[in-house]
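If you want this note's numbering, it's the position in the sequence shown, counting the first as 1, plus 36. The structure appears below as structure tokens.
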Amino acid sequence: MELACAVILSVSSQTLAVPAPQPAPMYQTYSPYQSQLANCPCGPDWLVGPDRALIPQGWKGADFRAACAQHDACLTGGCSNRLQCDMAFRRNLMNACQYSSNPWECRRVAGMMSRGVRMYGGREMTPFQKNMAIQRLRFVNAMFGRHVPRSGYNYGY
């Protein structure tokens, strides 16, 4: 075996060939945030408590958290404008959908997420706008058969 394809280990008089690790799925390879994804869920920081569940972290096998982490890093990095970051976010969400058991439905969810980021992202929202956004999220979740319990949290309206 070539060294590029395997790692050779010598243990006393035995030589073991260990296959090289398989690459991560395509949507995860670009993200240096894999170990931090559980601490960095998708969604705006102002969405708290059980309402956080209104933002899907993935869809039937697809994991959106890497795309969200990269989008956050893109926005805070200062090297790209918001439109470029949002377009890359959409592309990464769509790429993640290839791992879903229902890719067509996953792409619909990903499209709605990316449109939501374009509509609501990057600006301060009034309490009224936050409550309206949460009502819209509840409607979209119900449309896809996801029923998230109400938190009862009032965002100041």
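Cβ coordinates follow ideal geometry from the N, Cα and C atoms, glycine included.
Trp-95 - DSSP class collapsed to helix/strand/coil: Here residue 95 refers to the residue found at position 59 of the sequence shown. Reduced to three states, the DSSP call for Trp-95 is strand.
Closest Cα partner of Ala-178 within the set Asp-81, Pro-92, Gly-158: Position 142 of the sequence shown, counted from the start, is the residue given in the question as residue 178. Of Asp-81, Pro-92, Gly-158, the residue nearest in Cα terms is Pro-92.
query: Would Trp-95 pass as a contact of Asn-131 if the rule is Cβ separation under 9 Å?
result: Here residue 95 is taken as the residue at index 59 of the sequence shown, counted from 1. Here residue 131 is taken as the residue at index 95 of the sequence shown, counted from 1. No, they are not a contact pair.
query: Alpha carbon to alpha carbon, how far is Gly-147 from Arg-154?
result: Walking along the sequence shown from the start, residue 147 turns up at place 111. Walking along the sequence shown from the start, residue 154 turns up at place 118. Rounded to the nearest angstrom, the two C-alpha atoms are 11 Å apart.
- prompt: When DSSP labels each residue in this structure, what does Gly-181 get in the three-state scheme?
  reply: For the purposes of this step, residue 181 is taken as the residue at position 145 of the sequence shown. It is coil, neither helix nor strand.
task: Give the single residue among Gly-85, Ala-102, Ile-170 whose Cα lies nearest to the Cα of Cys-133.
output: The residue labelled residue 133 in the question sits at position 97 within the sequence shown. Nearest of Gly-85, Ala-102, Ile-170 to Cys-133, Cα basis: Ala-102.
message: Rounded to whole angstroms, what is the Cα-Cα separation between Phe-175 and Gly-113?
response: Walking along the sequence shown from the start, residue 175 turns up at place 139. Walking along the sequence shown from the start, residue 113 turns up at place 77. Using only the alpha carbons, I get a separation of about 33 Å.
field: Where the alpha helix (DSSP H) through Asp-81 begins and ends
entry: In the sequence shown, counting from the first residue as 1, residue 81 sits at position 45. For Asp-81, no alpha helix (DSSP H) segment is defined, and its DSSP state is neither H nor E.
Which of helix, strand or coil DSSP assigns to Asn-138: To locate residue 138, count along the sequence shown from 1; it is residue 102. Note: Asn-138 maps to coil in three-state DSSP.
task: Name the two residues that bound the continuous alpha helix (DSSP H) containing Asn-128.
output: Within the sequence shown, the letter at position 92 stands for residue 128. Counting along the chain, the alpha helix (DSSP H) containing Asn-128 begins and ends at 118–132.
task: Reducing DSSP to helix, strand and coil, say where Gly-152 ends up.
output: Translated into the one-based positions of the sequence shown, residue 152 becomes position 116. Reduced to three states, the DSSP call for Gly-152 is helix.
field: C-beta atoms of Tyr-135 and Asp-81 nearer than 9 Å
entry: For the purposes of this step, residue 135 is identified with residue 99 of the sequence shown, where counting begins at 1. For the purposes of this step, residue 81 is identified with residue 45 of the sequence shown, where counting begins at 1. The answer is no: Cβ separation not under 9 Å.
- request: Let me know if Phe-125 comes out buried or exposed under the rule of 16 or more other beta-carbons within 10 Å of its beta-carbon.
  value: What you label residue 125 is simply residue 89 of the sequence shown in a count that begins at 1. Classification of Phe-125: buried, given that the 10 Å Cβ count is 16 or more.
message: Excluding the 5 residues flanking Gly-97 on each side, which residues of the same chain have their C-beta closer than 6 Å to its C-beta?
response: On the sequence shown, position 61 is the one that residue 97 refers to. Only Tyr-135, Ser-136, Ser-137 meet the Cβ criterion.
Residue of Gln-106, Arg-88, Gln-120 minimising C-alpha distance to His-183: Position 147 of the sequence shown, counted from the first residue, corresponds to residue 183. For His-183, the nearest C-alpha among the options comes from Arg-88.
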